[in-house]
Each structure stands twice: as structure tokens, then as C-alpha cells.
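Down below is the structure, laid out as C-alpha cells.
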Amino acid sequence: MKLTTNDSGEINSEQIIKDPVSLPLIITVGDLAEVLKESQVEVIKSLMKLGVMASVNQEVDFSIAARVAQSFEIPVIKPKESIDNENALNIGSSIDTSEKNIGEKRPPVITVLGHVDHGKTTLLDAIRKTNDVSKEEGGITQKIGAYQVKHKNSEITFIDTPGHEAFSSMRVSGTSVTDIVILVVAADDGLMPQTIESINHAKNASVPIIIAVNKCDLEGADIDKIKGQLTEHELIVEDYGGEVLCVEVSALKGNGIDELLESISLLSEISELESNSNLSGKGVIIESYNDPKKGSISTILVKSGSFNYGDLIVSGENSGKIRQMVDGYGNEVKNAKPSTPIQVMGMGGINQIGEIVEVVNSEKEARKIIQKRSRTSQKQNNKITTLSQVVKRAKASKEKEINIVIKTGSNGALTAVEQVINDLTSEDIQVKIISGAVGAVTESDVMLASSAEDSIIVAFQTIVQGGAKSQSESNNIPIRSFDIIYTLVDEIKVIIQGLKGEEKSEVNIGSARILEVFPRGKVQKIAGVRVSEGKILRNARIRLVRNSEIIFDGGVESMRHLTQNVTELTNNLEGGIVLNGYHEIEVEDILECYELK
22 MKLTTNDSGE INSEQIIKDP VSLPLIITVG DLAEVLKESQ VEVIKSLMKL GVMASVNQEV
82 DFSIAARVAQ SFEIPVIKPK ESIDNENALN IGSSIDTSEK NIGEKRPPVI TVLGHVDHGK
142 TTLLDAIRKT NDVSKEEGGI TQKIGAYQVK HKNSEITFID TPGHEAFSSM RVSGTSVTDI
202 VILVVAADDG LMPQTIESIN HAKNASVPII IAVNKCDLEG ADIDKIKGQL TEHELIVEDY
262 GGEVLCVEVS ALKGNGIDEL LESISLLSEI SELESNSNLS GKGVIIESYN DPKKGSISTI
322 LVKSGSFNYG DLIVSGENSG KIRQMVDGYG NEVKNAKPST PIQVMGMGGI NQIGEIVEVV
382 NSEKEARKII QKRSRTSQKQ NNKITTLSQV VKRAKASKEK EINIVIKTGS NGALTAVEQV
442 INDLTSEDIQ VKIISGAVGA VTESDVMLAS SAEDSIIVAF QTIVQGGAKS QSESNNIPIR
502 SFDIIYTLVD EIKVIIQGLK GEEKSEVNIG SARILEVFPR GKVQKIAGVR VSEGKILRNA
562 RIRLVRNSEI IFDGGVESMR HLTQNVTELT NNLEGGIVLN GYHEIEVEDI LECYELK
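Counting from 1 along the sequence shown, just add 21 to a position and that's the residue number in my numbering.
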């Protein structure tokens with residue numbers, strides 16, 4: 022909108038018509054910013070308002086990209102369409118308005134989260150038993166990871182997969198899969214670490230939560246205590262004057278299930294969930310595996326449009342033709358509409374949970390999409406994100422904010438680490454804790470960190486699981502491990518100094534080569550080094566370089582020569598060095614020592 026004045030001084034408004042842009046079916050956030058001629062930061066902000074947490078190098082599908090364009094009032098040309106300015110589709114009509122004009126309601130998609138042993142599986146089984154469909158066609162013949170139930174002539178879709186990992190993976194893919202989260206809390210146990218983690222996941226995804234207080238029939242159930250605990254995490258139930266729906270259930274006895282389904286229906290009605298089944302199908306991979314007899318099998322949750330028997334589909338770097346589709350009860354179907362879960366046979370390989378799958382017009386189009394993704398994937402595999410790179414990205418943004426996921430070995434350690442970080446954070450420089458919990462660093466922690474921009478994981482006196490290590494590398498999320506609190510404090514100070522943008526020059530001091538690697542306890546490793554140039558100082562900064570790539574940039578925790586603790590190692594001397602919070606060292610790595618002055 023442009024404001025002008027006429028001769029009388031009155032203000033007139035002129036609508037500025039921006040040229041339409043053409044968007045592909047899949048596009049990275051960085052490329053989207055370039056096409057829209059907007060900064061990457063502004064595009065990421067727009068995505069966050071839509072509930073999508075994606076980094077610059079991650080991909081989003083056409084529907085999400087189109088909504089971003091709408092936020093900048095930029096018309097969008099659909100893929101494979103050639104239209105002039107007069108007929109250019111504004112994003113509001115191509116996604117939102119067109120669906121509303123059709124008035125086609127879609128079922129809500131529900132994910133059940135909560136602490137282990139609080140009754141998630143039992144609750145899902147109880148819900149499944151209420152469905153009349155389960156009594157037809159011989160009942161449930163196979164489990165595909167998702168299913169639908171009927172409640173008062175309306176359908177509700179439940180995702181029945183390992184909670185946190187699937188939920189977070191789908192967020193990272195840039196796809197909002199879940200409409201509502203059911204948070205299961207045992208009435209006799211209260212909020213536990215996984216419960217709190219579940220709350221953080223749902224909040225980070227901006228998904229509404231319904232509380233299901235399970236095991237209400239047991240002796241020792243204290244529902245008021247649970248409601249009080251929920252308020253500590255900004256979940257205020259209706260009884261306490263808030264807006265969060267809370268239902269008391271006994272999954273084992275089947276009590277309260279109808280009330281829970283009614284709450285889901287009410288919340289989904291308020292959300293006005295609509296769709297357009299006339300479009301080409303787009304969905305998300307819920308599960309994927311290889312069957313020895315049938316080949317690759319994928320469970321897909323349809324997000325928009327329709328999937329039909331015989332359609333050509335592409336997902337990730339795989340493609341194929343749909344040779345069979347079955348629903349959540351094992352019945353073969355020929356067509357699947359939005360919010361419907363289907364198991365598909367015909368994909369050319371196994372896909373990652375959360376990957377987008379879409380119907381394409383030809384094998385040529387599928388090959389073109391796969392080739393582009395393959396090139397992007399190769400670039401990502403060759404790139405390792407260091408803490409300094411994360412700080413540089415955050416410094417370039419207006420918010421100057423670093424997001425941290427904390428895992429510790431005990432509750433006392435967790436409290437101490439949170440206090441340290443909060444004490445060092447100022448109004449203009451934000452080091453934000455998006456999650457803090459006791460236990461090992463898991464893949465779920467990495468996926469949670471990936472859903473927020475400029476994130477790192479801090480592990481204090483705990484281990485990092487192998488799957489989390491590989492997941493962190495593929496998602497470019499640095500993990501820093503510490504055993505001593507002061508070394509952690511030093512690293513947080515480095516982060517804050519970097520965000521403040523304090524101008525300092527770098528002075529090279531020396532370098533060393535790692536000759537051997539020695540284990541030290543469960544987590545740490547000692548680098549057996551020989552100084553090849555200058556000297557290595559205990560109180561200086563260290564850069565670890567591998568194959569010309571900077572892998573680590575931080576401090577030294579300890580340094581020894583023979584049996585003595587030392588403050589420096591001079592040229593040609595050998596010694597042992599333990600780095601601050603980083604232990605994935607390898608023989609032949611180079612340590613570069615420098616100071617900032």
C-alpha cells in the first residue's frame with residue numbers, strides 16, 4: 022500500500038501490484054528469500070509465524086512457500102502454470118481462499134505425546150476400540166502408523182508412531198503435520214521429564230494442547246496437583262481460568278474417551294480445518310521400511326489434494342508409481358483425501374520420517390526434482406556447522422539470539438547450568454533455553470534444536486547417544502559436552518561476546534598435529550599432539566581443522582606434558598590436550614592456537 026496526498030492535502034492510498042513470482046514444488050528457504058527479494062531473516066520470521074521452524078538450507082513445499090509470499094503481498098504462479106499478471110493467482114486465493122470456497126472440511130490430525138508408562142499406547146488402543154470401522158472387514162488387519170476413527174459422523178486422524186522423534190522430524194521438514202497434541206499425564210505420577218519435553222515440542226511447533234489425565238481411577242491420583250504443575254509450564258486449564266482443555270480418563274477401563282473425542286472435535290471446529298481434494302496430492306512420510314516380498318513400503322499422511330492408485334509420486338531422492346494403497350485398517354483403497362493416512366507400495370526406496378511426498382505429472386519431472394535434491398544433499402553433507410558459525414548467523418539477525426537445548430546428568434546439574442546461562446544473558450543479548458532435561462542427548466533433542474534457528478546443544482556431565490551424533494551432523498547442530506562448570510561458563514561468555522560484535526583482531530600463536538587419541542572416562546578424549554609451529558597456550562583459543570574444514574572453535578580444558586599440568590607446549594614438544602566441550606577428535610586433525618586482542 023502506497024500513501025499519497027492530493028491537491029487538497031487529503032491522503033489517498035494506492036495499491037501497489039507486485040509482479041507474480043513462479044515457485045517450484047520444493048524450494049529451500051534461502052532460494053525462496055532470493056525469489057521474493059526479501060532478506061533470509063524476514064522469510065524465516067514469516068515461516069515462524071506460520072508455525073514452521075526451518076533453517077536457510079532446509080526445504081519447504083509449495084503450499085508453505087506460497088503462504089510466505091502472501092505475507093509479503095506477492096502473487097504466486099503455480100508450478101507448471103503459465104499465466105499473465107491479470108490471471109496471476111494471489112497466494113490467498115490459491116491456498117486459503119480457494120479451499121474455503123470449496124468449503125471442504127478435513128479431519129483433524131492428532132499426535133499423542135507424554136512420558137513413558139503414562140499410558141499413551143493404552144489410550145490409543147482405547148480410542149481405536151470405540152471405532153465402528155474396526156468391527157468391519159475383519160477388524161484391524163495391519164498397523165500402518167496412523168488410523169482414523171469416527172466420532173458423531175466426523176473423522177479424526179491419529180498418528181500412532183514413536184512420539185517425539187516423529188513429531189520433531191516432521192517439524193524440521195518444514196511441514197506442519199499435527200493439528201492438535203494430546204498430552205498424556207498419569208494422575209498418580211504427575212509431570213515427568215518426558216512430559217516436560219513433550220510440552221516444549223508442542224509449544225515450539227505452536228500446536229494447541231489437550232491434557233488427558235490418565236489413570237484417574239487409581240489410588241493416589243492427584244489431579245489438582247497435576248493442574249498446578251501444568252501452570253508452571255504456562256498451561257492453564259479451564260478450571261484454573263485458562264483456555265487449555267483438560268479431560269480425566271482411564272484408558273484401561275475406557276472411561277472418559279468420549280469426552281476426550283468431544284474435546285478434539287470442539288477444538289478442531291474452532292480451528293476451521295479445511296482443504297481442497299481436487300489438487301494434486303501432497304503428503305508427509307509417517308513411516309517407511311523395506312518388505313522382503315513387497316519392496317519399499319511408505320505410510321503417507323495426505324496434507325492436501327488427493328492420491329490415487331497409479332499416481333507417480335516423488336519423495337526425497339526416491340520416486341515410483343503407486344501400485345497399492347491401504348488404509349489404517351488394512352482395507353485397499355483407490356483414492357485418499359486430505360488428513361487420510363495410507364500405506365503405499367511402489368516407492369523406489371526407503372524415505373526419512375517427515376519427508377514431503379507429492380504427486381507429479383511425469384517421470385521426467387520426478388527425475389528433475391530428485392537431481393536437484395541430490396545436489397543440495399551433497400552440499401549439506403560436505404558442510405559442518407561450528408559454534409562460531411552459529412554465532413555469526415545469530416549476530417547477523419536483528420534478534421541476536423542463540424537457542425540452547427540443555428541435557429545434564431542430574432537435576433542439580435540442570436539447575437546449575439540453567440542458572441549460569443540466565444545470569445549471563447542480558448536484555449539486548451539473548452541466550453534462550455528452549456529445553457532443559459536430565460538424561461543423555463538423544464535424536465529427539467537434535468530434532469528439537471533443529472526446529473529453531475541458530476541452535477546448539479549443551480551436554481553437561483552426560484553422554485551423547487550415537488544416533489544423536491550422526492543426526493547433529495546431518496542437521497548442522499553443534500553439540501558441546503562439558504564435565505566442569507567453569508569451562509561451560511567460558512563457552513557461554515564466548516557466545517555472548519560474539520553476539521555483541523566486539524571487534525577484536527586475531528593473533529596466531531602456533532599449531533599442533535594430533536598423533537593419537539586416548540579415551541578419558543565415558544565422554545572425554547585426550548588429543549596426543551606434537552607442536553609443529555610456535556606454541557599452544559592453555560588460556561588461548563583453539564581451532565580444530567580437518568581436511569581444511571573448521572570443525573571446532575573454542576578453548577582448552579586441560580593440558581599436560583608427560584605427567585605435569587602445563588600452561589603451554591612449545592615447538593616440537595609432545596603433550597596431551599582436552600578441548601572444552603568437544604571430543605570428536607581424530608588422528609591427523611590440526612589444532613591452531615590463536616588469541617583475540
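Glycine residues also receive a C-beta, built at the ideal position from the N, C-alpha and C atoms.
Local conformation of Tyr-507 per DSSP, three classes:
Taken through DSSP and simplified to helix, strand or coil, Tyr-507 comes out as helix.
The region 311–328 touching the region 364–380, judged by at least three CB pairs closer than 8 Å:
With the rule of 3 Cβ pairs closer than 8 Å, the region 311–328 counts as touching the region 364–380.
Go ahead and pull the three-state DSSP assignment for Ile-606.
When DSSP states are grouped into helix, strand and coil, Ile-606 belongs to the coil group.
What are the boundary residues of the beta strand (DSSP E) that Asp-71 is part of?
Position check: residue 71 holds Leu in this sequence, whereas Asp was assumed. Taken as a continuous stretch (DSSP letters only), Leu-71 belongs to no beta strand (DSSP E), as it is neither H nor E.
Let me check understanding here. Comparing Cα to Cα, which of Lys-342, Ile-85, Leu-509 and Asn-339 lies closest to Ile-622?
The chain is shown from 22 up to 618; residue 622 falls before or after that span and cannot be answered.
What do you get for Gln-482, buried or exposed, if any count of 16 or more other CB atoms within 10 angstroms of its CB means buried?
Answer is buried; the Cβ neighbour count reaches 16.
Is Val-672 near Val-459, with beta carbons less than 8 Å apart?
This structure leaves residue 672 out entirely; the chain is present only between 22 and 618.
Would you kindly check if the distance between the Cβ of Asn-235 and the Cβ of His-172 is under 8 Å?
It is not a contact, given that the beta carbons lie outside the stated cut-off.
Buried or exposed: where does Gly-531 fall if 16 or more other Cβ atoms within 10 Å of its Cβ makes it buried?
Counting Cβ neighbours within 10 Å, Gly-531 comes out buried, since at least 16 surround it.
Where Lys-248 and Thr-143 are concerned, what is the direct C-alpha to C-alpha distance, given to the nearest angstrom?
One Cα belongs to Lys-248, the other to Thr-143, and the distance between them is close to 22 Å.
First and last residue of the uninterrupted alpha helix (DSSP H) at Ala-548
Ala-548 -> not in any alpha helix (DSSP H); beta strand (DSSP E) instead, spanning 545–558.
For Ala-223, which residues of its own chain have a beta-carbon under 6 Å away from its beta-carbon, when the five flanking residues on both sides are left out?
Listed in chain order, the non-local C-beta contacts of Ala-223 below 6 Å within the same chain comprise Val-202 and Ile-230, local neighbours out to five positions each way being set aside.
Counting Cβ pairs closer than 8 Å, one from the region 348–367 and one from the region 293–305, do we hit at least three?
Taking a cut-off of 8 Å on C-beta distances, the region 348–367 touches the region 293–305, as three or more cross pairs fall below it.
Mark Asn-568 as exposed unless 16 or more other C-beta atoms lie within 10 angstroms of its C-beta, in which case mark it buried.
By the 10 Å Cβ count, Asn-568 comes out exposed.
Per-residue DSSP class, three states only, for Pro-362
If DSSP states are grouped into helix, strand and coil, Pro-362 belongs with the strands.
Taking Ala-207 as part of the beta strand (DSSP E), name the residues at either end of that continuous run.
DSSP places Ala-207 in the uninterrupted beta strand (DSSP E) bounded by 201–207.
Per-residue burial, Asp-332 [other beta carbons within 10 Å of its own, 16 or more giving buried]
Asp-332 is classed as buried because its beta carbon has at least 16 other beta carbons within 10 Å across all chains shown.
By alpha-carbon positions, which one of Asp-444, Asp-610 and Ala-54 ends up nearest to Ser-92?
Distance check between Ser-92 and each of Asp-444, Asp-610 and Ala-54 places Ala-54 closest, using alpha-carbon atoms only.
Give the DSSP bridge partners of Tyr-261, in chain order.
Beta-bridge pairing links Tyr-261 to no other residue.
Evaluate Phe-328 with the Cβ neighbour count: other Cβ atoms within 10 Å of its Cβ, from every protein chain shown; 16 or more gives buried, anything less gives exposed.
In the assembly as shown, Phe-328 is a buried residue. Its beta-carbon has 16 or more other beta-carbons within 10 Å.
Taking the straight line between their C-alpha atoms, what separation do you get for Lys-389 and Val-608?
When only Cα atoms are considered, Lys-389 and Val-608 end up about 40 Å apart.
Taking Cβ positions, are Glu-512 and Gly-602 nearer each other than 8 Å?
Result yes, Cβ atoms of Glu-512 and Gly-602 sit closer than 8 Å.
If you draw a straight line from the alpha carbon of Ser-476 to that of Lys-274, how long is it in whole angstroms?
Approximately 43 Å, taken between the alpha carbons.
Cutoff 6 Å; reference Glu-308; Cβ partners in own chain excluding five residues on either side:
Closer than 6 Å at Cβ, skipping near neighbours: Gly-166 and Thr-320.
Excluding sequence positions up to five away, which residues of its chain have a Cβ less than 8 Å from the Cβ of Glu-186?
With a pLDDT of 49 at Glu-186, under the threshold of 50, the predicted position of this residue should be treated as unreliable, though the coordinate-derived value follows. Excluding sequence neighbours, Glu-186 sits near Ile-374, Glu-464, Ser-465 and Met-468.
Which residues share a DSSP beta bridge with Asp-243?
In the DSSP output, where bridge partners are listed per residue, Asp-243 has none listed.
Hey, out of Cys-614, Glu-295 and Asn-174, whose CA is closest to Leu-558's CA?
Closest by alpha carbon: Cys-614.
Of the listed residues Gln-250, Ser-493, Leu-239 and Ile-98, nearest to Ile-217 (C-alpha basis):
Of the candidates Gln-250, Ser-493, Leu-239 and Ile-98, the one whose C-alpha sits nearest the C-alpha of Ile-217 is Gln-250.
If you reduce the DSSP assignment to three classes, tell me which class Ser-456 lands in.
Ser-456: strand per DSSP, three-state reduction.
Using CA atoms only, rank isn't needed, just tell me which of Lys-58, Val-228, Ile-454 and Ile-85 is closest to Ser-292.
The residue among Lys-58, Val-228, Ile-454 and Ile-85 with its C-alpha nearest the C-alpha of Ser-292 is Val-228.
When we look at the beta-carbon of Asp-260 and count the other beta-carbons within 10 Å, is it buried (16 or more) or exposed?
By the C-beta density criterion, Asp-260 is exposed, having fewer than 16 other C-beta atoms within 10 angstroms.
Taking only the alpha-carbon atoms, compute the straight-line gap between Asn-276 and Val-270 and give it to the nearest angstrom.
C-alpha separation (whole angstroms): 5 Å.
Roughly how far, in whole angstroms, is the beta-carbon of Ile-363 from the beta-carbon of Val-323, given that I think they are within contact range, below 8 Å?
Taking 8 Å as the upper bound for CB-CB distance, Ile-363 and Val-323 are in contact here, some 7 Å apart.
Expected contact under 8 Å - CB spacing of Arg-551 and Glu-595 to nearest Å
Approximately 5 Å separates the beta-carbon atoms of Arg-551 and Glu-595; this is inside 8 Å, confirming the contact.
Taking the alpha carbon of Ile-498 as the reference point, which residue from Ile-572, Met-580, Glu-554 and Lys-556 has its own alpha carbon closest?
Comparing Cα-Cα distances from Ile-498 to each of Ile-572, Met-580, Glu-554 and Lys-556, the minimum goes to Ile-572.
Does the beta-carbon distance from Lys-179 to Ile-220 come in below 8 Å?
One detail in the question is off: residue 179 reads as Phe in this sequence, not Lys. It is not a contact, given that the beta carbons lie outside the stated cut-off.
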